[in-house]
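Right, one structure below, let's go through it.
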Amino acid sequence: MSMNYNIHFNNHINGFLKDKFQVDIDTFEFQNTRKEFLGDITLLVFPLLKYIKINPEKLAEDIGEILLNSHKAVTGYNVVKGFLNLSLSDTFYLEQFQSIYKLKNYGHKILTEESPTMMVEFSSPNTNKPLHLGHIRNNVLGYSVARILEANGIHVIKTQIINDRGIHICKSMVAWKKYGKNETPENSNLKGDQLVGKYYIIFESEYKKEIQSLIDDGLTQEEAKRSAPLMIEAQNMLRLWEDNDHEIRSLWEKMNKWVYSGFNTTYKNLGVTFDSYYYESRTYLLGKKIIKKGIENNIFYKKKDGSVWVDLSDDGLDQKILLRSDGTSVYMTQDLGTALKRFEEEPSLKGIVYTVGNEQDYHFKVLFLILKKLGFDWTKSLYHLSYGMVDLPSGKMKSREGTVVDADDLMNDMINQAKHVCQEYGKLDSLSSEELENLYQIIGLGALKYFILKIDPKKNILFDPIASIDFNGNTGPFIQYTHARIKTLIKSSSAPIREFKTTLILEPKERELIKLLGSYPEFVILAREEYSPAIIANYLYDLAKSYNAFYQNISVLGVEDIELRNFRVALSQKVAEVISSSSGLLGFKVPDRM
RNA sequence: GCCCUCCUAGUUCAACGGAUAGAACAAAAGUUUCCUAAACUUUAGAUCCAAGUUCGAUUCUUGGGGGGGGUACCA
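Residue numbers (the numbering used here): 517 to 1110.
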């Protein structure tokens, strides 16, 4: 995680090793020198021992000597075990900084005609109930990865597959028909998705009652579940839906429309957007052709009852069903078809990122393996962006037990919490009520997003709403606050930013910050697709923290030197840019003033 | 049962196989002539256990313990 010092020192070290040991090594490992040692950057000599059998300290000494004599940036060196600590000149850092400072959108590659295209699938809700906290992690992760890919010069299509058909939506439809015929989002004052979700819950609870009374009549649990009138009605409805029954289809369309309108509100509040949509109702029949071809090529096999399977035991996995005995498709069939369709429709498509929870790790392993067996060459650029569950301090989220956290409720709570905290601090008298509402939203949602993104995607999250909105510590509001301070600083500084004098004498803390910015290519981290949002988020926090330390130190010193002041302003501006730009990657908005 | 995954201070999280394992919150103490104290400076505190691989292991391998997830006609 440091600047690519190879660019600067590669030739010198390489030439030396060639001359003396006849080995050709072209990349070296550098890291920032730990602050308890003297020096700025450190060359790791250990890895070289594989090629050169020599005492590491001796080798480090030799390389240090060569660099000191031949490279003007190196002003000194010392050796600790296999670590070669190099001191670099102020000039070097200043030049680095200046070259970076001139760039706009540092770390962002420009999209061109030749840029590859990738698809990022995320969100992918069911249309029978509103989005919940788990969806928020999904959306924030998927959207963030899409932005990171874009910064890498990749043309990204953000998409989702909407599970808009099936028994789950029929349950809501049955309940709505039976218990709430005239209720609409307009006359009930409920968001469309909330309304449909309400009837899903009504279905489940009425269904449970029916089961219980059947059990009381002497049926077994299994029998009761199967013969409950509501369930039979829902299954009938599904059949009618598949037969294209006009009435059912129009009811289905009406209720789905409500749900989409509700989802759109949620997405808008959350700040995510999509470029295309796939609907299960249009994709669920896909994939059967693939199955047929697979059977012909002996990749799949048919059982006596007519069901189709793939045997993956050679790859350490089980056998997997691909078509039911009645010839209908399963989830896997559909996903095979959808993947193929996407590559057919979008000839320039290079790969797909699937943002789906880790409970489906196995599914995607199998999906990718089957596609590979079928011989599609794009299989290797399919990636399952898997992420852990979100737990609450109060316990686990279980949708069946009604302990889920609704996405809309959570966002509102976060905004209210932000309001509460802001009002406690006061200092907001100068803002209009409209500005205030906007501010609360920015802070509340920034807190939520950062809290989720700062954690390694593969780990489970323990989400604590109160802790997330703390204005101190590793939180979104802290970074936003730092950004706002920098903006104020820049605004209040009338001094123009001029060329720097290389004779500048720097205080230790300033040097640290220059190093931070000198190693600004660390910001490339933001633009490297192999890094997760979590790494970026934590890096961002370090940056904000460094700025605070820097700021405090300067204030205490009371430095008034004019050159230093200009320099400081320039640095601050760069930090501000870094923060606001990377905030964008995280899906933050940052206020101009607070 | 089998497969996948996670386990680091009291708590929530960091650490390309690199130096004395970093932060934050909570705890204890201190700092206000200052571009906002929504800050800063101290102090105390951790790698689940056991082997192996090597110059070096929180990281890789194997075994064990604990949590979570998956497991053949649900998505």
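The beta-carbon is built from N, C-alpha and C at its ideal position, and this holds for glycine as well.
Point to revise | Nearest candidate by alpha-carbon position, reference H936, set D986, I837 and L901 | key: D986
Point to revise | As assigned by DSSP and simplified to three states, the class of D540 | key: coil
Exercise for review: State the Cα-Cα distance for the pair W894 and K805, rounded to the nearest angstrom.
Suggested key: 19 Å
Review point. On the three-state DSSP scale, how would you describe N772?
Key: helix
Exercise for review: Could you pull out every residue in the same chain whose Cβ sits closer than 7 Å to the Cβ of H587, ignoring the five residues on either side in sequence?
Suggested key: F525 and H528
Check your understanding: Can you give the Cα-Cα distance for L1115 and D980, rounded to whole angstroms?
Key -> Outside the modelled stretch of the chain, which goes from 517 to 1110, sits residue 1115, for which no answer is possible.
Review point. Does DSSP put H648 in a helix, in a strand, or in coil?
Key: strand
Review point. If you count every other CB in all the chains shown that lies within 10 Å of the CB of V775, and 16 or more means buried, which is it?
Key: buried
Check your understanding: Could you check where the alpha helix (DSSP H) with D851 kicks off and where it finishes?
Key -> Y847 to E861
Exercise for review: Ignoring anything shorter than 3 residues or poking outside the region 640-727, list the beta strand (DSSP E) runs there in chain order.
Suggested key: 671-678
Practice item. Could you have a look at G598 and say whether DSSP puts it in helix, strand or coil? Key: coil
Review point. Given Y793, which residues of its chain have a CB within under 7 Å of its CB, disregarding the five upstream and five downstream residues?
Key: T675, Q676 and I678
Point to revise | Pairwise C-alpha distance: I959 and T998 | key: 13 Å
Point to revise | Own chain partners of G1074 with C-beta closer than 7 Å, once the 5 adjacent residues on each side are dropped | key: With a pLDDT of 44 at G1074, under the threshold of 50, the modelled position of this residue cannot be trusted, and the question is left open.
Practice item. May I ask you to report which of helix, strand or coil DSSP gives I570? Key: coil
Practice item. Report all residues from its chain with a CB closer than 7 Å to the CB of A1128; omit the five preceding and five following residues, and keep chain order. Key: In this structure the chain extends from 517 to 1110, so residue 1128 is not present and cannot be described.
Review point. Under a Cβ-count criterion, where at least 16 other Cβ atoms within 10 Å of its own Cβ denotes burial, should P745 be classed as buried or exposed?
Key: exposed
Practice item. Determine the direct distance from the alpha carbon of I868 to that of D925, and round the result to whole angstroms. Key: 32 Å
**Study point:** S605 - DSSP class collapsed to helix/strand/coil
**Key:** coil
Check your understanding: So P572 and E545 are in contact, right, with Cβ under 8 Å, and what is the actual spacing, rounded?
Key -> With a Cβ gap of about 13 Å, P572 and E545 do not count as contacting.
**Study point:** Outcome for R858 when other beta-carbon atoms lying within 10 angstroms are tallied against a minimum of 16
**Key:** buried
Check your understanding: Taking the continuous beta strand (DSSP E) assigned at G873, which residues delimit it?
Key -> L865 to G873
Exercise for review: Just mark P909 as buried or exposed, buried being the case when its beta carbon has 16 or more other beta carbons within 10 Å.
Suggested key: exposed
Point to revise | Residue burial classification, D709 (beta-carbon count within 10 angstroms, cutoff 16) | key: buried
Check your understanding: What distance in whole Å lies between the Cβ atoms of S829 and Q835, which are believed to be in contact at a cut-off of 8 Å?
Key -> 7 Å
Practice item. Provide the residue span of the beta strand (DSSP E) that contains L944, from first to last. Key: Careful: L944 lies outside any beta strand (DSSP E) and carries neither H nor E.
Exercise for review: Taking H879 as part of the alpha helix (DSSP H), name the residues at either end of that continuous run.
Suggested key: D877 to K889
Practice item. For F486, write down the residues that DSSP places opposite it in a beta bridge. Key: Not covered by the structure: residue 486. The range shown for the chain is 517 to 1110.
Review point. Taking I982 as the reference, which of E577, N813, I931 and L944 has the closest Cα?
Key: I931
Check your understanding: Can you name the start and end residues of the alpha helix (DSSP H) that I807 belongs to?
Key -> K804 to E812
Check your understanding: K694 to F719, Cα distance in whole Å?
Key -> 10 Å
Practice item. Drop a sphere of 10 angstroms on the beta-carbon of L533, count the other beta-carbons inside from all chains shown, and report buried for 16 or more, exposed for fewer. Key: buried
Practice item. Would you please state the rounded distance, in angstroms, between the beta carbons of I635 and I673? I believe it to be under 8 Å. Key: Residue identity differs from the one stated: residue 635 is Met in this sequence, not Ile. Their Cβ separation, rounded to whole angstroms, is 5 Å, which keeps M635 and I673 in contact under 8 Å.
Check your understanding: If L890 sits next to I811, beta carbons under 8 Å apart, how far is it from one beta carbon to the other, in whole angstroms?
Key -> Incorrect: roughly 12 Å between the Cβ atoms, too far for contact.
Check your understanding: For L786, which beta-bridge partners are listed by DSSP?
Key -> L786 is not bridged to any residue.
Point to revise | Coil, strand or helix - K836 by DSSP | key: strand
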